[in-house]
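J.: First, the structure itself, so that you have it in front of you.
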Amino acid sequence: MKIGIVCPYSFDVSGGVQVHIRDIAQVLSARGHQVEVLGPATKDPGFSGFTSAGPSVSIPYNGSVARLSFGPRSAARVRAWLEEGNFDLIHVHEPASPSVSLLALAHAKCPVVATFHSNMTRSLALKMTSPILVPLMDKLDARIAVSDEARRTVVEHLGGDAVVIPNGVSVADFQVSPVPKWQGSTGAPTFAFLGRLDEERKGLPVFAKAIRRVAKEIPKARFLIAGRGEATQAKAGLQGVEGAQFIGGVSDREKAELLASATAYVAPQTGGESFGIVLVEAMAAGAPVIASDLVAFTAVLNGEEYGVSFKSGDGADLAQKMLRLATDRSLREELSRKGRRRALQYDWQAVTDKVEAVYRTVLGAK
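The sequence shown begins at 0 in numbering that gives the first Met the number 0 and counts up one residue at a time.
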C-alpha cells in the first residue's frame with residue numbers, strides 16, 4: 000500500500016504522538032509499504048519519507064501546550080502533498096485539533112483512517128466546535144482510539160465509535176543492562192520519574208511530597224527526576240533532600256537505561272492521560288511500576304496485576320507504596336517478571352498487525 004500519515008504536532012519537539020507516528024511508519028515501511036509522513040517541522044526529524052508542513056505555533060491544548068500548524072499556507076502544503084502522493088489511504092492523527100490533520104481530512108479524496116489519542120473529560124473547545132467537526136468526521140472510513148478513555152472522548156464529543164488499538168513500544172529497545180550510576184541496591188533504592196517538569200499534570204509536585212516522606216525512612220534512597228522544563232518550585236520543595244537528583248532531558252537510550260536501573264518507576268500523573276505508554280516502556284525495561292490510579296493507567300496495569308497503584312494526587316499514599324516496594328524484593332521481582340510479559344502485548348509488531356487489518360478492511364470496502 001501507499002500510505003500517507005499526518006501528524007498534527009511539530010516534530011521539532013519530542014512527544015508521544017510524534018514518536019508513535021515515527022515508529023509505526025518505520026514498521027510499516029519494513030513490511031514493504033510505501034509510507035510518507037507529513038507534519039509541522041523546521042528541521043529534519045531524522046527519518047525518511049518526511050515532508051514538512053511548515054513551522055508551528057504554540058497553543059494551550061488538553062492541559063498542555065501543543066505546537067500546531069494551521070492556516071492558508073499550511074492548507075496549500077497539505078493539498079500539494081495529497082495531490083503528489085496519490086495515496087491508497089491516509090492515516091490522520093488527532094483530526095479534531097486545529098492542525099494539518101484536520102486540513103488533510105478536509106481535502107482528502109482517498110480513504111481516511113484516523114487515530115484519536117486524547118482524553119478530554121470536559122472539553123469546552125470540543126463542545127463549541129463539534130457542529131463544525133462532526134460533518135468532517137463523517138468523511139472518516141475508520142476510527143482508531145488508543146485507549147478506552149480516548150474512545151470515550153470520540154463517542155461523547157464527535158459521535159460514532161472507534162476500535163481500540165493501543166500505542167506501541169519497541170520492546171527490544173528497552174531490553175538494556177542497568178547502569179551503575181542509576182542502579183539501586185539494598186538499603187539504597189532508586190525511584191525514577193520521567194516527564195515535563197513544568198506541566199503540573201505530570202505529577203512532579205505529588206512525587207516531591209512523597210520523596211520527603213520516603214527520604215526520612217530511607218536516608219540513602221535516591222530519586223532520579225528526568226525531563227525538560229523549569230522546576231523551580233519542585234527544586235525549592237526538595238532542598239535538603241540529598242537523594243533528589245534532577246538529571247534533565249534524556250535520550251531514548253538513556254531513558255531505557257534509567258528504567259532498567261531503577262528500583263521502581265513512579266508515574267504520579269494527575270490527569271490528561273489517555274494511555275500509559277511510559278508504563279509500558281518501564282515494564283519492557285523490567286522496572287516495577289508505581290502509578291496513580293488514573294483510568295488509563297489502571298487499564299495498562301489491569302488493576303494492580305502488573306503494578307502498584309496509589310490514589311491520584313496523594314503524596315502520602317504514594318510514599319507508602321514506594322516504601323512497600325523498596326522493602327519487598329519478592330514483590331519487585333514478581334512485578335518485573337510479569338511486566339516484561341505484559342509489555343510484549345504492546346510491541347509495535349503486534350500493534351501494527353491490528354492497524355494493517357483496519358487498512359485492509361477500509362480498502363476492501365471501496
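Every residue gets a Cβ at the ideal spot worked out from N, C-alpha and C, and that includes glycine.
Do Asp87 and Lys1 have their C-beta atoms within less than 7 Å of each other?
T.: In contact: Asp87 and Lys1 (Cβ atoms closer than 7 Å).
J.: Please report the Cβ distance between Ser396 and Pro130, rounded to the nearest whole angstrom; I am assuming they are in contact, meaning their Cβ atoms lie under 8 Å.
T.: The chain is shown only over 0 to 365; residue 396 falls outside these bounds and no answer can be derived.
J.: Is Ser184 near the ligand NAD, with its Cβ less than 6 Å from a heavy atom?
T.: With respect to the ligand NAD, the structure shown offers nothing to examine, as it has no ligands at all.
J.: Just to confirm the assignment, what range does the alpha helix (DSSP H) spanning Gly338 have?
T.: First-last of the alpha helix (DSSP H) with Gly338: 328 to 343.
J.: If you compare alpha carbons, which of Arg200, Gly167, Lys310, Glu83 is closest to Gln344?
T.: Of the candidates Arg200, Gly167, Lys310, Glu83, the one whose C-alpha sits nearest the C-alpha of Gln344 is Gly167.
J.: Could you tell me which whole beta strand (DSSP E) segments of length 3 or greater appear in the region 150 to 224?
T.: As far as the region 150 to 224 is concerned, its whole beta strand (DSSP E) runs of at least 3 residues are 189 to 193.
J.: Is the region 258 to 273 close to the region 179 to 186, with three or more CB pairs under 8 Å?
T.: Result yes; three or more Cβ-Cβ pairs closer than 8 Å.
J.: Check whether the region 71 to 85 touches the region 326 to 340, taking contact to mean three or more Cβ pairs, one atom from each stretch, closer than 8 Å.
T.: The answer is no - the region 326 to 340 does not touch the region 71 to 85, with fewer than three Cβ pairs under 8 Å.
J.: Output the distance between the C-alpha atoms of Asp313 and Val205, rounded to the nearest integer angstrom.
T.: One C-alpha to the other measures close to 7 Å.
J.: For Ser9, which of helix, strand or coil comes out of DSSP?
T.: In the structure shown, Ser9 sits in coil (DSSP, three-state: anything other than H, G, I, E or B).
J.: Assuming contact is defined by CB atoms lying nearer than 7 Å, are Leu278 and Val288 in contact in what I supplied?
T.: Cβ distance < 7 Å, so Leu278 and Val288 count as in contact.
J.: Let me confirm a value: Ile4 is counted as buried when at least 16 other C-beta atoms fall within 10 Å, else exposed. Which label applies?
T.: Counting Cβ neighbours within 10 Å, Ile4 comes out buried, since at least 16 surround it.
J.: With DSSP run on the structure shown, which of helix, strand or coil describes Pro59?
T.: Three-state result, Pro59: strand.
J.: Anyone know if the C-beta pair for Pro94 and Leu104 falls short of 7 Å?
T.: In this structure, Leu104 lies closer than 7 Å to Pro94 by Cβ.
J.: How is Asp251 classed by DSSP in three states: helix, strand or coil?
T.: In the structure shown, Asp251 sits in a helix (DSSP, three-state: H, G or I).
J.: Nearest CA to the CA of Leu157: which residue from Val249, Asp172, Asp137, Pro165?
T.: Taking only the C-alpha atoms, the option nearest Leu157 is Asp137.
J.: With a CB to CB cut of under 7 Å and the five nearest residues on each side skipped, what residues in its chain are close to Gly53?
T.: Within the same chain, Gly53 has close Cβ partners Pro39, Ser68, Arg72, Ser73, Arg76.
J.: Could you give the C-beta distance for His116 and Val145, rounded to a whole number, given that I count them as a contact under 8 Å?
T.: Between Val145 and His116 the Cβ distance is about 5 Å, and since that is below 8 Å, they are a contact.
J.: Going along the chain, which unbroken runs of the alpha helix (DSSP H) with 4 or more residues stay wholly within the region 263 to 330?
T.: Correct list: 276 to 283, 294 to 300, 314 to 326.
J.: Using 8 Å for Cβ pairs, my map puts Val213 next to Ala283. What's the rounded Cβ distance?
T.: Actually they are not in contact, since the Cβ atoms of Val213 and Ala283 sit about 25 Å apart, beyond 8 Å.
J.: Could you name the residues that DSSP lists as bridge partners for Gln244?
T.: Answer is Leu223, bridged to Gln244.
J.: What residues in its chain sit with their C-beta under 6 Å from that of Leu270, if we drop five residues either side in the sequence?
T.: The sequence shown places Gly at residue 270, rather than the Leu named in the question. So the list reads Arg200, once near-sequence residues are dropped.
J.: Roughly how many whole angstroms lie between the Cα atoms of Val111 and Leu324?
T.: Roughly 46 Å separates the two Cα atoms.
J.: Rounding to the nearest angstrom, what Cα-Cα distance links Arg195 and Glu280 in this structure?
T.: If I take the Cα positions, the gap works out to 17 Å.
J.: Looking at C-alpha atoms only, which residue of Val354, Pro267, Phe192 is the closest neighbour of Glu253?
T.: If we check each option's Cα against that of Glu253, Phe192 comes out closest.
J.: How is the alpha helix (DSSP H) around Gln232 delimited, first residue to last?
T.: Note, Gln232: alpha helix (DSSP H), 231 to 236.
J.: Thr152 to Asn118, Cα distance in whole Å?
T.: Cα-Cα distance, rounded: 6 Å.
J.: Taking only three categories from DSSP, how would you classify Asp140?
T.: Asp140 falls in the coil class under three-state DSSP.
J.: DSSP puts Arg66 in a beta bridge; with which residues?
T.: Answer is Ser57.
J.: At what residues does the beta strand (DSSP E) containing Glu35 begin and finish?
T.: Taken as a continuous stretch (DSSP letters only), the beta strand (DSSP E) holding Glu35 covers 33 to 38.
J.: Based on the DSSP output, what are the partners of Ala113 in its beta bridges?
T.: Per DSSP, Val91, Arg142.
J.: If you run the structure through DSSP and keep just helix, strand and coil, what is Asp346?
T.: Asp346 falls in the strand class under three-state DSSP.
J.: Looking at C-alpha atoms only, which residue of Ala364, Gly363, Gln348, Thr360 is the closest neighbour of Pro165?
T.: Pro165 has its Cα closest to that of Gln348, out of Ala364, Gly363, Gln348, Thr360.
J.: Once DSSP output is grouped into helix, strand and coil, what is the label at Ser96?
T.: Looking at Ser96 - three-state DSSP - the assignment turns out to be coil, as it is neither helix nor strand.
J.: Going by other Cβ atoms of all chains shown within 10 Å of its Cβ, with 16 needed for buried, is Thr351 buried or exposed?
T.: Thr351 comes out buried.
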